[in-house]
Every structure is written in C-alpha cells, then in structure tokens.
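Let me begin by presenting the structure, written as structure tokens, before commenting on it.
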Amino acid sequence: MLSIFSKDENIEVGLFIGSNEEKRDDVKEILNPYTKAVVSKYPICTKDDAKRALAVAKSATKYCASSPMHQRVKWLEDVANKLKEQEDFFAKLIVDEVAKPMKFARIEVQRCAETIELTAKELINLHGETINTDAMPSGRDAVAYYKRVPCGVVVAITPFNFPLNLIAHKIAPALGAGNAVVLKPTPEAPRCAYELAKLFIESEYATKDALSLVYGDAEVGGELVANSTARVVSFTGSVQVGAIIMKNAGIKKVALELGGNAATFIDKSADIADAAKKCAFGSFYNSGQVCISLQRIYVHKDIYDEFAEAIAKEAEGLKVGSPYEEDTFMGPLINQDAKLRAASWVASAKDEGAKVLYGGELVDGIFPPTVVADVTDDMKIVCEEVFAPIVSLVKVDSYNEAIEKINNSPYGLQYSIFTNDLKNAKAFIDDADAGGVVVNDIPTVRFDIQPYGGVKLSGIGKEGPKFALEEFTEIKSVVIF
Numbered sequence: 005m006l007s008i009f010s011k012d013e014n015i016e017v018g019l020f021i022g023s024n025e026e027k028r029d030d031v032k033e034i035l036n037p038y039t040k041a042v043v044s045k046y047p048i049c050t051k052d053d054a055k056r057a058l059a060v061a062k063s064a065t066k067y068c069a070s071s072p073m074h075q076r077v078k079w080l081e082d083v084a085n086k087l088k089e090q091e092d093f094f095a096k097l098i099v100d101e102v103a104k105p106m107k108f109a110r111i112e113v114q115r116c117a118e119t120i121e122l123t124a125k126e127l128i129n130l131h132g133e134t135i136n137t138d139a140m141p142s143g144r145d146a147v148a149y150y151k152r153v154p155c156g157v158v159v160a161i162t163p164f165n166f167p168l169n170l171i172a173h174k175i176a177p178a179l180g181a182g183n184a185v186v187l188k189p190t191p192e193a194p195r196c197a198y199e200l201a202k203l204f205i206e207s208e209y210a211t212k213d214a215l216s217l218v219y220g221d222a223e224v225g226g227e228l229v230a231n232s233t234a235r236v237v238s239f240t241g242s243v244q245v246g247a248i249i250m251k252n253a254g255i256k257k258v259a260l261e262l263g264g265n266a267a268t269f270i271d272k273s274a275d276i277a278d279a280a281k282k283c284a285f286g287s288f289y290n291s292g293q294v295c296i297s298l299q300r301i302y303v304h305k306d307i308y309d310e311f312a313e314a315i316a317k318e319a320e321g322l323k324v325g326s327p328y329e330e331d332t333f334m335g336p337l338i339n340q341d342a343k344l345r346a347a348s349w350v351a352s353a354k355d356e357g358a359k360v361l362y363g364g365e366l367v368d369g370i371f372p373p374t375v376v377a378d379v380t381d382d383m384k385i386v387c388e389e390v391f392a393p394i395v396s397l398v399k400v401d402s403y404n405e406a407i408e409k410i411n412n413s414p415y416g417l418q419y420s421i422f423t424n425d426l427k428n429a430k431a432f433i434d435d436a437d438a439g440g441v442v443v444n445d446i447p448t449v450r451f452d453i454q455p456y457g458g459v460k461l462s463g464i465g466k467e468g469p470k471f472a473l474e475e476f477t478e479i480k481s482v483v484i485f
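Just so you know, we're using the working numbering here: the sequence shown kicks off at 5 and counts up by one.
This is the structure:
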C-alpha cells in the first residue's frame, strides 16, 4: 500500500511566525527513504526568520502566562482529540517522511495524543506549597509560599526518529505551562511538525502567537540557541550537537536528551526464549534508530551459545521491507549515510575478530537486523552509539563482570537485566549507572508518563509530562507580612 490519500494532496508546507503562516518560493524536497518519491517540501529558513520568531514569541509571553489554566487544558485536550480523529493521516505522514513501518507509525500517533492528554492532566498538579517561616529562631511569622511560573520563551529542537511524539513531549508541557514556543523540527520530517503545529495554532483554545515553527540546520538552530530571548532550550539529538548547545546557550535553562548505548545483562537464571524475543524487538525496532535501542547484550557464559542462536533466529523471523505494509516490522534507515555508517560498524567489528550471526549486508537496499557475536570491550562497535539495527553479544562470567562492563560507557540513558534471581535484580537497580533501569524487559521500554532522561553524556534534565512541566517553569518565592 503506497498511498491511502489523494495524489493531489498538497505536500508543500509553510513556516509559522507566531500564528501567521508564510510560504516561500525557495523550498527543499524530502524523499521517502524507501520509495525515493518526493513526499514533502519545506521552506528554507534563515537566521532572520529565527530572530523574527523569537521576537513574536517574546511579545506573546505575557498573554501566554496570563491565560487561564482551564483554557490551556482545553487547548491540549482539543489537539489530542483531533490527533486521534486523524490517526490514519498522521501515521501516513510518518511513513512518508521517515519510513517508520505503518503499525509503529500508528502507535506513535496514539502515543503523541496520550502525551498531550497526560500533560493536560498533570497541569492540575502544577503548584507550589506553603513554607513555615518561623521554623528557626531567626525567622518570624509570615505567610510564605512558592509558586511555579512559566519561564517565558522556550526553544524546542527535535529529531527524526519520533517526529510527532518527541515534539509533543516538548511543546505540550511548554505551552501548557504558559510559555511561548519556537519549534525547530528535524529537516527530515517537516510536514509531521507542520501538521501537528497547525492543530495547536488553529485550535479555538489557542493563545495567539504562542507557537512558531521554523526549519533549518546550524544557522537557524544556532540563532535560536544563542539568542538571549530564549529562556529555555530543550534539545533531543546527538551528543556532538548537545555539546555545541551547552557552549553557546549562555545563561539559560538547557534540557538535553542525547545519545545512548543501551545494554542488558542476560543472567543464567533468565528465560532464554523470552529474553531473545524481547531483545530482538529492542535491537531492531525502528531500524535501531532509537536513543534506547538495545545495542549491547552481556550474556552469562553458561547460556551464551543458546541465547546467541535464539536471538539470531528471532532476527531472521522479522519481516523487513516496505514500511507501507501493515505487517512489516522494519524498513530502511533514514538515508544513505546511515546505511554506510551501519556497514562500517559491521566491517570494523569483523576486522577486529567478531562474527556476524545474522545480517550485516544490504538486502534490496535495506540494512537488515544484524546480530554480531564474540564482541569484546575494546571493539569500536560497543564503545559508541550505533543508531542502526545492529546488536552485539558479549560473553561474561558473572553479574559483577556484566555490570562493570555495562557501566563502562560515557553514556547512561537506560539499562536492563533479565533474571529470575531477586538478589541480582535488586542489585542491578542500585548498581546501574543510568537514568532508567528495566527488569526482565529491554532498556528500549519507555512509558510516556515516566521520567525519561540520562546521566553522563546522555543528557541533562527529564522528559515525561510531569517532569517536563518542571523543566519549563521556574519557582517564584512569595512572602507576605
């Protein structure tokens, strides 16, 4: 199924400077990673567009901050409802622009709506508390409390791998908290961002000029980050770009969800068949293009061979092909550069002595699920984020060896353990040097209601509606005598 919509559908999108849409003659085309057909066109923006968007956002902040909470709740609920009504439309956009398989594209639309709904519910709990000012002898009686207030202008920069839901994780809590937002989405999925932004901007409950949408790479992003108008920069993407943002942002709040090198330990007490099935999903879901994609599997030596055979068989059983078919599990990587990088990772591992159990070479233009065995700690393939459908198997003698190797990474987003040993499960929760821990499932598990964010090079701050609302607000202390 290559199309479920009219061929006359307009695929050219505009930018939004506040609530006003603008079109440009100078546009860039986006090709579907699978069919290579043109699926969208977006205007090429400049540094001046970024400045204009920031200026309009700054002017809108007083209206955003003063809008009643019930209006903001209605706003979010309205957008979530419209998303659910248009699930097929938005799912098709995701498949068109980033080639995510249709069944997972539908799930992303559903999750996006849920993220917005969760934010609306969490807004009710966004409050401060009273403080006892006479708690110490130096104090005196007063009415004192703190409240949470919007930061002002929020810059949101989002990636391609979840082109709807990761936008929602930023702009829903930012707008819900009473901020004005300038969104710069991934260049790979401009129409996903445009159509979602339109739902917000055209809602009857929207605050005028609260949301702007601009496109671009380093020039536009650099201006958004460095400009003193922005009071918060929320970015999801690579460590390299995150480091540039930290260097150039100046004195403002910065939230970074960066790379990962997710790992799991398969204990000798684990259910091997269950672990293999789940690990195959976690390694190859979305073609491995997930920050918490399972990349490293440390397997106890007593079950290593059995597990290796089981996960290779699971990989072989996954349907790879057209993302437009409902039963496809995995489609292509986002672009040719990603394919070349994936091939180079495997070639490097083989040169260093690793063995490919399944996959490793392009099949009909798609890099397949790939299982690499006999990997050692010094191999490049386990030291950096691969961001491709490649998983490495490492044999270990014990839990202690596994946790030491898992933690021996500059990243720390999410780790997991498969075990029926309660002692090991409890130890892993405390020992894992990561922002999130999963027991008896893959580190790729993420519920949108939970706090999400890493340690070390994996980032700063937390997402998840409740926790993002804290990122996008500041505490104001009040004392009344």
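Beta carbons: idealized from backbone N, C-alpha and C, even for Gly.
Just so it is clear, the structure is predicted and the values come from calculations on it, not from any experiment.
Tell me where the beta strand (DSSP E) around residue i begins and ends.
i: Thr65; result: Not the beta strand (DSSP E): Thr65 falls in the alpha helix (DSSP H), residues 51–70.
i: Lys151; result: 147–154
i: Thr374; result: 374–377
i: Ala160; result: 157–161
i: Asn24; result: 24–26
i: Ile484; result: 477–484
i: Ile421; result: 418–422
i: Glu33; result: 31–35
i: Ile394; result: 394–400
i: Phe451; result: Segment: none, Phe451 is in no beta strand (DSSP E) and carries neither H nor E.
i: Gly440; result: 440–443
If you measure from the CB of residue i, is any heavy atom of the ligand GTP nearer than 7 Å?
i: Pro455; result: By its list of ligands, the structure shown contains no ligand whatsoever, and the ligand GTP lies outside what it can speak to.
Please state if the CB of residue j and the CB of residue i are separated by a distance shorter than 8 Å.
i: Asp309; j: Ser207; result: no
i: Glu101; j: Pro191; result: no
i: Pro163; j: Ala103; result: no
i: Asp53; j: Val185; result: no
i: Leu80; j: Val113; result: no
i: Leu58; j: Thr233; result: yes
i: Ala436; j: Asn411; result: yes
i: Ala105; j: Gly335; result: This sequence places Pro at residue 105; Ala is not what is there. Cβ atoms of Pro105 and Gly335: closer than 8 Å.
i: Ile446; j: Leu298; result: yes
i: Cys49; j: Val229; result: no
i: Lys257; j: Glu475; result: yes
i: Asn231; j: Cys68; result: no
What separation, rounded to the nearest whole angstrom, lies between the Cα atoms of residue i and residue j?
i: Ser10; j: Ser44; result: Confidence at Ser10 is low in this model, with a pLDDT of 45, below 50, so the placement of that residue should be treated as unreliable; the coordinate-derived value is given next. In a straight line, the C-alpha of Ser10 is about 14 Å away from that of Ser44.
i: Lys354; j: Ala377; result: 10 Å
i: Glu16; j: Arg195; result: 8 Å
i: Ile394; j: Ile307; result: 21 Å
i: Lys384; j: Val153; result: 46 Å
i: Ile135; j: Thr477; result: 19 Å
i: Pro189; j: Ile161; result: 6 Å
i: Glu121; j: Ser142; result: 45 Å
i: Ala346; j: Ser71; result: 48 Å
i: Pro372; j: Thr448; result: 19 Å
i: Ala214; j: Lys282; result: 42 Å
i: Ser238; j: His173; result: 10 Å
i: Val147; j: Ala438; result: 40 Å
i: Asp271; j: Ala181; result: 44 Å
i: Arg115; j: Arg300; result: 27 Å
i: Gly264; j: Val243; result: 9 Å
i: Thr2; j: Phe391; result: Residue 2 is absent from the structure shown; the chain starts at 5 and stops at 485.
i: Val482; j: Glu25; result: 40 Å
i: Asp138; j: Tyr150; result: 16 Å
i: Asp278; j: Thr268; result: 14 Å
i: His484; j: His131; result: Note on identity: in this sequence residue 484 is Ile, with His being the wrong assignment. Roughly 18 Å between the two C-alpha positions.
i: Gly22; j: Val157; result: 12 Å
i: Asp12; j: Ala210; result: Reliability of the predicted coordinates at Asp12 is poor, the pLDDT of 49 falling under 50, and the value obtained from them is presented with this limitation in mind. Looking at the two C-alpha atoms, the distance is approximately 30 Å.
i: Met73; j: Glu389; result: 41 Å
i: Ile453; j: Tyr289; result: 21 Å
i: Lys212; j: Gly465; result: 29 Å
i: Ser7; j: Asn129; result: Residue confidence for Ser7 is low, a pLDDT of 45 falling below 50, so the modelled location carries little weight; the figure read from the coordinates is stated next. Roughly 43 Å between the two C-alpha positions.
i: Gly325; j: Phe333; result: 8 Å
What are the boundary residues of the alpha helix (DSSP H) that includes residue i?
i: Pro189; result: No alpha helix (DSSP H) contains Pro189, which DSSP labels as neither H nor E.
i: Val367; result: Premise fails: Val367 is in no alpha helix (DSSP H) and is neither H nor E.
i: Tyr198; result: 194–205
i: Pro47; result: Not the alpha helix (DSSP H): Pro47 falls in the beta strand (DSSP E), residues 42–47.
i: Leu19; result: Premise fails: Leu19 lies in the beta strand (DSSP E), 19–21, not in any alpha helix (DSSP H).
i: Glu409; result: Looking at the sequence shown, residue 409 is not Glu but Lys. Segment 403–411, the alpha helix (DSSP H) holding Lys409.
i: Lys427; result: 426–435
Can you give the beta carbon distance from residue i to residue j, rounded, assuming they're within the 8 Å contact cut?
i: Ser216; j: Val60; result: 6 Å
i: Ser420; j: Val441; result: 7 Å
i: Leu473; j: Glu126; result: 6 Å
Can you find a C-beta in chain C that's less than 8 Å from the C-beta of residue i?
i: Tyr403; result: Given the protein chain composition of this structure (a single chain), no chain C is represented.
Considering only residues of the stretch 210–280, which uninterrupted beta strand (DSSP E) runs meet the minimum length of 3 residues and lie entirely inside it, listed in chain order? 215–217, 236–240, 257–261, 267–270
Beta strand (DSSP E) runs wholly inside the stretch 336–365, at least 3 long, in chain order: 359–362
Please go through the stretch 302–327 and give each complete alpha helix (DSSP H) segment of 4 or more residues, from N-terminal end onward. 308–320
Any chance you could list the alpha helix (DSSP H) runs of at least 4 consecutive residues sitting entirely within the stretch 77–139, in chain order? 91–102, 106–127
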